[in-house]
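One structure below.
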Amino acid sequence: VQLQASGGGLVQAGGSLRLSCVVTGITFSLYTVDWYRQAPGNQREMVAQITSGGSTSYADSVKGRFTISRDNAKNILYLQMNSLQPEDTAVYYCHTQLRERLHYWGQGTLVTVSS
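Numbered according to the numbering used here, the sequence shown spans residues 11 to 125.
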């Protein structure tokens with residue numbers, strides 16, 4: 011199982027970025043997939059989640075600004091991030107859990123938002 015994240019970069023406050031995560035080695039459509047982020051000195055936190063059925067949930071800090079989506083035909087997870095703020099600066103990771111204690115993580119992609 012491999013998760014390959016991309017799309018991070020440097021953006022000014024108020025700008026937008028779209029992250030992508032290509033997932034291979036599993037039947038992607040069957041699994042819940044998530045985006046997490048970790049800022050320097052902070053614990054990793056869940057940002058958004060999408061289930062196999064397409065239900066979504068978000069951290070309160072990103073509701074209304076971020077949108078998670080998936081393309082099951084291409085095995086790609088997305089995170090559209092709008093109205094970015096400096097506090098969104100972090101390394102963003104895609105993640106899936108196949109069963110209890112069996113987690114897979116992407117390598118992370120750095121998002122830096124300048125004020």
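Note that beta-carbon positions come from the ideal geometry of N, C-alpha and C, so glycine has one too.
Values in this document were obtained by computation on a predicted structure and should not be read as measured data.
Rounded separation between residue i and residue j - CA only
{"i": "leucine 27", "j": "glycine 19", "result": "8 Å"}
{"i": "histidine 113", "j": "valine 43", "result": "11 Å"}
{"i": "arginine 54", "j": "alanine 69", "result": "12 Å"}
Buried or exposed (CB count within 10 angstroms, at least 16 for buried), residue i
{"i": "glycine 116", "result": "buried"}
{"i": "arginine 47", "result": "buried"}
{"i": "aspartate 98", "result": "buried"}
{"i": "leucine 94", "result": "buried"}
{"i": "alanine 100", "result": "buried"}
Limits of the unbroken beta strand (DSSP E) element including residue i
{"i": "phenylalanine 97", "result": "Correcting the residue type first, residue 97 is glutamate in the shown sequence and not phenylalanine. No beta strand (DSSP E) contains glutamate 97, which DSSP labels as neither H nor E."}
{"i": "tyrosine 88", "result": "86-91"}
{"i": "alanine 58", "result": "55-60"}
{"i": "glutamine 117", "result": "It is not in any beta strand (DSSP E) - glutamine 117 carries neither H nor E in the DSSP assignment."}
{"i": "isoleucine 36", "result": "Premise fails: isoleucine 36 is in no beta strand (DSSP E) and is neither H nor E."}
{"i": "aspartate 44", "result": "43-48"}
CA nearest to the CA of residue i, picked from the options
{"i": "threonine 37", "options": "Asp98, Val123 and Thr106", "result": "Thr106"}
{"i": "valine 57", "options": "Ile78, Gly51, Ser65 and Leu40", "result": "Ile78"}
{"i": "glycine 25", "options": "Arg111, Val101, Met91 and Cys104", "result": "Met91"}
{"i": "leucine 40", "options": "Asn82, Gly17 and Lys73", "result": "Asn82"}
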